[in-house]
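Chemist:
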Amino acid sequence: MPNPPRFELGSGLPAMPNLGGFGKRILQLAIVLLAFIFIMASTTSIPTGNVGVLTLFGRVTGETLPEGIHLVNPLKSVQKLSIQTQAVKESANVPSNEGLILALDTSLLFHLDKNMAAQVYQSIGENYGEKIVEPTLRAAIRASTSAHTANALYTNARELVQQQIQDELAKQLAPRGVIVENVLLRDVQLPAMLKSSIEAKQQAEQDALRMSFILQKEKQEAERKRIEAQGIADFQKIVATGISAQLLEWKGIEATEKFASSANAKVVIVGNTKNGLPLVLEPK
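Under this note's numbering, the residue at position 265 of the sequence shown is numbered 286, and the numbers go up by one with no gaps.
1. How about the stretch 122-131 and the stretch 62-71: do they share at least three Cβ pairs that are nearer than 8 Å?
2. What are the uninterrupted segments assigned as alpha helix (DSSP H) that are 4 or more residues long and contained completely in the stretch 115-169, given in chain order?
3. Given this structure, state the Cα-to-Cα distance separating GLU329 from ASP188, to the nearest angstrom.
4. When you compare only the Cα positions, how much space is there between GLY120 and GLN210?
5. Going by DSSP in three states, THR176 sits in which element: helix, strand or coil?
6. Buried or exposed: GLY198, going by 16 or more other Cβ atoms within 10 Å of its Cβ?
7. So, under 8 Å CB-CB, GLU84 and ARG159 are touching, yes? Tell me the CB distance rounded to an integer number of Å.
8. When you compare each of GLY44, ASP134, ALA161 to TYR149 by their alpha carbons, which one comes out closest?
9. Taking the CB atoms as reference points, tell me whether VAL141 and GLN100 lie closer together than 8 Å.
10. Which word fits PHE131, buried or exposed, when buried means at least 16 other C-beta atoms lie within 10 angstroms of its C-beta?
11. Distance check for GLN143 and VAL72, CA to CA, integer angstroms please.
12. Pull up the DSSP beta-bridge partners for GLY89, would you.
13. Can you check which of these residues, LEU77, GLY70, PRO95, is closest to GLN105 by C-alpha distance?
14. Taking the alpha-carbon of SER9 as reference, which of VAL182, GLN241, ILE200 has the nearest alpha-carbon?
15. Where SER192 and LEU230 are concerned, what is the direct C-alpha to C-alpha distance, given to the nearest angstrom?
16. According to DSSP, is THR82 helix, strand or coil?
17. What does the alpha-carbon distance come out to for the pair MET137 and HIS169?
18. Which of the three DSSP states, helix, strand or coil, is assigned to SER233?
19. Since ASN203 is in the beta strand (DSSP E), which residue starts that stretch and which ends it?
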């Protein structure tokens, strides 16, 4: 009875090739290349003015990355959100307290709260500006303008309206991760007839104020002249009371002496004239 054939383990497998020195270097380079690819896949860069929100298989992990280069799990994705100042411009027709329709141009400056970036991305998404900021701005504008008259909005209530809108936005948006920086009320357009009426009233007030200033100035000038005239009158009164006949006679004697000592040819007659003064004759 013939013996059955025997098979030895590994007898049918090809022998491992001997790579040699060159093959080993190729293998090392391949390992280094794979390691480099793995590191690059695990590295992410967050630009200046941004924050990174990490997600794993579409789920927000709650982790955020600041600016700079970071090593992350290659299975995780990074969504970059800007935390820089953003601007929204809104032009709206809104009612005043009297029910008049006004055209308002408003600007809002805001930025994302980096500490709530993950929550904002999870609950609202990237376009949080369109979803919550713009509608909230419109509502705040209407709520504020409806509490004021058209005249006040056009003249002296602008700063108050700006502050009211800003306070309302801050109250509504801060809990949702949006920081309000400033609200600017750029322009208020009234109905043409109302605008003309308000401008005419303002012009009349300016004219009255200017006339009041002129009258006040004239009163001050009249008072100045009165004081000046009173001073002159007082001076003349003092001088008049200080002049006597004896003083005039003495001054006449002094004048006679000066004339007599002068080198000019003249005749000085001293006599009992009406005023007690010398008579000066110049010969021809």
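Beta carbons are placed, not taken as given, at the ideal position from N, Cα and C, and that holds for glycine. All values derive from a computational prediction rather than experimental measurement.
Modeler: For this structure:
1. Contact check between the stretch 122-131 and the stretch 62-71: fewer than three CB pairs, one atom from each, fall below 8 Å, which does not count as touching.
2. Segments of the alpha helix (DSSP H) lying fully in the stretch 115-169: 138-144, 155-166.
3. Because the chain is modelled from 22 through 305, residue 329 falls outside the range shown and cannot be assessed.
4. Spanning the alpha carbons of GLY120 and GLN210 requires a straight line of approximately 14 Å.
5. THR176 falls in the coil class under three-state DSSP.
6. Buried: at least 16 other Cβ atoms inside 10 Å.
7. Cβ-Cβ separation between GLU84 and ARG159: approximately 34 Å, too far for a contact (criterion under 8 Å).
8. For TYR149, the nearest C-alpha among the options comes from ASP134.
9. Cβ atoms of VAL141 and GLN100: not closer than 8 Å.
10. Of the other Cβ atoms in all chains shown, 16 or more fall within 10 Å of the Cβ of PHE131; this residue is therefore buried.
11. Between VAL72 and GLN143, the C-alpha separation is close to 14 Å.
12. Paired residues: ILE67.
13. The candidate whose alpha carbon is nearest that of GLN105 is GLY70.
14. This structure gives no information on residue 9, because the portion of the chain shown stretches from 22 to 305.
15. Note that residue 192 corresponds to Lys in the displayed sequence, not to Ser. Their Cα atoms are separated by approximately 42 Å.
16. The answer is strand: DSSP assigns THR82 an E or B state.
17. Taking the straight line from one Cα to the other gives about 35 Å.
18. DSSP places SER233 in helix when its eight states are reduced to three.
19. Taken as a continuous stretch (DSSP letters only), the beta strand (DSSP E) holding ASN203 covers 199-210.
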